[in-house]
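Chains as they are written, first to last, in the numbering used here: chain Z, -16 to 437; chain V, 176 to 238.
Shown next, in C-alpha cells, is the structure this report addresses.
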Amino acid sequence: MTAPHSLTLADASALIAARRLSPVELLEDCLARIAAVEPRLNAFIRMTVAEAEAAAREAEAEITRDGPRTALHGIPVGLKDIIDLAGHPTTCHSRLRLDHMAERDAVVVARLRAAGAVFPGKLATHEFAIGGPAFDLPFPPARNPWNTAHHPGGSSSGSGAAVASRMLPAALGTDTGGSVRHPASHCGIVGLKPTYGLVPRDGVFPLAFSLDHVGPLTRTVRDAAMMLNIMSGGRADFTRDLNLGLRGLRVGFVRHFHETDQLGDPEMGAAIEAAAELLAAEGARVTTITLPPLAEFAAVNRTILVSEASVVHEEWLKTRPDEYAAVTRRRLLPGLFVPAVDYMHAARRRTQLIAAVEAAFAEVDVLLTASSMDPACRIDDTEAVERTYPRQARTPFNVTGHPAITLMAGLSSGGLPLSVQFVSPSFTEARLLRAAHGFERASPWKDYAPPLDG
Amino acid sequence: MMDDATLAALVQAAGLEETARRFPGDVREAVASLAKLRPNLRRSSDPALEPTPAYVAPKGTAQ
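Pasting the structure below:
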C-alpha cells in the first residue's frame, strides 16, 4: 500500500471515507515524513502539532460516528505564513512580525477548518510575499525538493516544497505576481490562482489589494478542484467537468510570450510545444493566438503592486528599514517613488489589457502559455534568482484577474521540473480544471516525484 | 543616471531621508528601477478610459 503521506488528497479522502485510513494515521505519517525531509527543505516556519493531532483525533471520532463532513475532513493542509491561523503568529517570514498574534482564522482557513481540515504548521514564504530567498531573516529560505541547491520558486516557497516533497497533500499560497504558480512550476506540482475575488482575502496579510489572490498548491488537478470547492465557500462543484476530456476544446496557444517577448529556455520551450501537440492529439483544437506583449503586463503589474504595497510598508520603511531582508527592502522601496499619475495610467491600461484577453476568449475556451521561462536556478546564485521573477508569463493574469493554473509538463536534463500554464475566462474554473486535468491525464508527469529518498 | 540633487528632492518628498542615509544604494536603485519600468507603461490619451478596479458608487436610496 502507498504510504499515507504519499497519497494525493483525493486518494486519502477516499480511504478516509471508506474507513480504511484514519485522519490520525494520515497526520502521523505526514509528521514522520516532515521529520525525515524537513531539515533539508526548510519548508516550515512553525509546527502546530498538538493542535493538529487534537483535530485529527476529533475528525477520526466524528468520521467513525457520522462519516466525513466533507472531502477534506481529516486532511492536513499547510498554510503560507501570511495567512492567519487563530492563536499563532502570522510572521510573514519577517522579524517585523515576530510578535504578531492572530486573533482569528482567515476566512479561507475558517472554511477549511469547518470542512474538517487539520493544520500541522505555517509555511515559509518570501518575506511579506515579495522578497526573494534571503539568508538575513529569522527563518531560512525553503529549498527545492528536486535539488536542494535550487530555488523552489516563490513567494509561496514553503507551500511548494511541502507539497512536492510529500510532507503534506495540500497547502495554501498567495499569488500577486505569480506566487502560487511559480513554486508550482519549479517544484513540479499544481498551483491554481482562482479568479480575483472568488476566494476571500480577509485575514491574509496584503501585498497589493487589487492583485492578491489565495490559491491551493496540490499534487494533482483534482486535488486543486477539491480544495477550491471548500475555499470558495461552496460556490460550485469544481470537480464536475474534470472527466469531460479535451475533445473539441478550443485552445489558444500564446507562443509569443516565450518565443519572442522573452526567449524561453530551449527545454522549457520544447515542453510547452509538446504540451500543445499532446492537447491536439487528445482532440483539442489548438490555434496560435496573440495577446499584448508581456512587458506591458509586467509594467502594469509592477507599478500597481509596489504602489499598493507602499501603503502597508511605508511606516516600517521609514522607521525600521534595517529589519527587512535587503532583497525585500529593495523590492518595496520603489513604491514610495511612483507618481500618482503613473499608478492611474497603470490602472487605466489594466482596463485595456483585460479587454484584450477577454477578446481572445471570444475565439477560444482556454489559453495555453508558458509559466516560467526557465527551470529553477541555484538558490545561491543571486543574479539568476533575480532573473527568475521577471522571466515568466504569470503576471498577466494577476493584472486581468482571470483564473490560471500551472502544472508539470516535463523534466529538464538537469532533473528539474518544466511547466505549462492554462488560463480561462473569469469564473470558469470548472473549464480551466477540465483542460488542465485532461492534459495531466494524457501526460506522465504527475507520477514523477522528487528524488529525496534516493 | 539621476543627479544627486534630484534624488535628494525625491527622497525628501517621500519622507525617506533617514532610510536613504542608511541605505543609499537601495534608494538609488529603487528610483532607477522605476525609470526602467516607465517606457513599458502605455499612457492612454482617452479621457474617458476608466481604471480597474472600477470606481463604483455606493449603493443606497435617497432619503
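From the three backbone atoms N, C-alpha and C, an ideal C-beta is built for every residue, glycine too.
Here the structure is a predicted model, which means the values were calculated and not measured.
Listed by chain order, chain Z residues near residue i by CB distance under 8 Å
{"i": "V:V206", "result": "P317, F320"}
{"i": "V:A189", "result": "L319, F320"}
Residue i at chain A interface by Cβ criterion, 8 Å
{"i": "V:P199", "result": "Looking for chain A here will not work: the only protein chains present are Z and V."}
Length of the line joining the Cα atoms of residue i and residue j
{"i": "V:G190", "j": "Z:E297", "result": "9 Å"}
{"i": "Z:L106", "j": "Z:A418", "result": "29 Å"}
{"i": "Z:V340", "j": "Z:A42", "result": "44 Å"}
{"i": "Z:A267", "j": "Z:L232", "result": "5 Å"}
{"i": "V:V186", "j": "Z:M327", "result": "22 Å"}
{"i": "Z:L211", "j": "V:R218", "result": "37 Å"}
{"i": "V:A195", "j": "V:A183", "result": "9 Å"}
{"i": "Z:L300", "j": "V:P199", "result": "13 Å"}
{"i": "Z:D248", "j": "Z:M356", "result": "6 Å"}
{"i": "Z:S293", "j": "Z:L415", "result": "33 Å"}
{"i": "Z:P427", "j": "Z:D364", "result": "31 Å"}
{"i": "Z:A281", "j": "V:D178", "result": "27 Å"}
{"i": "Z:P135", "j": "Z:R218", "result": "32 Å"}
{"i": "Z:P276", "j": "Z:L336", "result": "10 Å"}
{"i": "Z:E279", "j": "Z:R16", "result": "43 Å"}
{"i": "Z:A338", "j": "Z:T47", "result": "52 Å"}
{"i": "Z:L120", "j": "Z:A69", "result": "24 Å"}
{"i": "Z:K176", "j": "V:E192", "result": "39 Å"}
{"i": "V:T227", "j": "Z:P408", "result": "17 Å"}
{"i": "Z:F102", "j": "Z:A387", "result": "26 Å"}
{"i": "Z:M84", "j": "Z:I65", "result": "12 Å"}
{"i": "Z:D49", "j": "Z:A112", "result": "40 Å"}
Own chain partners of residue i with C-beta closer than 6 Å, once the 5 adjacent residues on each side are dropped
{"i": "Z:H109", "result": "G115, G137, S138"}
{"i": "Z:T389", "result": "R164, A167, S168, G174, S354, S402, Q404"}
{"i": "Z:V269", "result": "V234, F236, A259, L262, A263"}
{"i": "Z:R332", "result": "V283"}
{"i": "Z:V20", "result": "S148, L435"}
Contacting residues, own chain, Cβ-Cβ under 8 Å from residue i (five flanking each side not counted)
{"i": "Z:I272", "result": "G235, F236, V237, A343, E346, V347, L350"}
{"i": "Z:D12", "result": "A(-14), P(-13), H(-12)"}
{"i": "Z:D195", "result": "T157, D158, T159, R184, V187, P189"}
{"i": "Z:R230", "result": "E265, G266, A267"}
{"i": "V:P214", "result": "none"}
Chain-ordered neighbours of residue i on chain V, where CB pairs are closer than 7 Å
{"i": "Z:P358", "result": "Ordered by position in chain V, no residue passes the 7 Å Cβ test against Z:P358, which lies about 26 Å from the chain."}
{"i": "Z:A330", "result": "P226, T227"}
{"i": "Z:R312", "result": "F198, D201"}
Presumed contact (8 Å Cβ cut-off) between residue i and residue j, rounded CB distance
{"i": "V:R197", "j": "Z:P304", "result": "6 Å"}
{"i": "Z:V182", "j": "Z:T203", "result": "19 Å between Cβ atoms; not a contact."}
{"i": "Z:G180", "j": "Z:A26", "result": "About 29 Å; that fails the 8 Å criterion."}
{"i": "Z:M30", "j": "Z:G104", "result": "4 Å"}
{"i": "Z:T502", "j": "Z:D67", "result": "Coverage of chain Z is limited to positions -16 through 437, which leaves residue 502 of chain Z absent and any answer about it impossible."}
{"i": "Z:N381", "j": "Z:G198", "result": "Their Cβ separation, rounded to whole angstroms, is 11 Å, which puts Z:N381 and Z:G198 out of contact at 8 Å."}
{"i": "Z:P317", "j": "V:L216", "result": "Not quite, the Cβ-Cβ distance comes to about 13 Å (not below 8 Å), so this is no contact."}
{"i": "Z:A413", "j": "Z:D224", "result": "5 Å"}
{"i": "Z:L155", "j": "Z:L62", "result": "5 Å"}
Under 9 Å by beta carbon: chain Z residues contacting residue i
{"i": "V:G235", "result": "The contacting residues do not exist; V:G235 stays about 22 Å from chain Z at best."}
Beta-carbon neighbours of residue i, restricted to chain Z and to distances below 7 Å
{"i": "V:V246", "result": "Nothing in the structure corresponds to residue 246 of chain V, since chain V is present only between 176 and 238."}
Proximal residues to residue i (C-beta, below 7 Å), its chain only, five neighbours per side dropped
{"i": "Z:T286", "result": "V321, D325, Y326, A329"}
{"i": "Z:A(-5)", "result": "P(-13), L4, L9, I58, P152"}
{"i": "Z:R23", "result": "R126, T131"}
{"i": "Z:S396", "result": "E250"}
{"i": "Z:N216", "result": "First, the residue type needs correcting, since residue 216 of chain Z is Gly and not Asn in the sequence shown. Once the five neighbours on either side are set aside, the close Cβ partners of Z:G216 are R94."}
{"i": "Z:G143", "result": "P135, G136, P166, A167, H169, C170, I172, L200"}
{"i": "Z:A191", "result": "T159, I287, L288, E291, A292"}
Residues that residue i contacts on chain V, provided the C-beta gap is smaller than 8 Å
{"i": "Z:L300", "result": "L191, T194"}
{"i": "Z:R285", "result": "L212"}
{"i": "Z:A323", "result": "Chain V residues near Z:A323: none, gap ~12 Å exceeds 8 Å."}
{"i": "Z:M327", "result": "P226"}
Contact set between residue i and chain V, taken where Cβ atoms lie within less than 9 Å
{"i": "Z:S396", "result": "Within 9 Å Cβ-Cβ: nothing; Z:S396 doesn't reach chain V, min ~33 Å."}
{"i": "Z:S193", "result": "T227, P228"}
{"i": "Z:E279", "result": "N215, L216, R217"}
{"i": "Z:P304", "result": "L191, E193, T194, R197, F198, D201"}
{"i": "Z:A282", "result": "L212, R213, P214, N215, L216, R217"}
message: Which residues of the region 210 to 227 of chain V have a Cβ closer than 9 Å to any Cβ of chain Z? Give them in chain order.
response: L212, R213, P214, N215, L216, R217, R218, S219, D221, L224, E225, P226, T227
task: Check distances from the C-beta atoms of the region 331 to 365 of chain Z to those of chain V and list, in chain order, the residues that come in under 9 Å.
output: R331, R332, R333, T334, Q335, L336, I337
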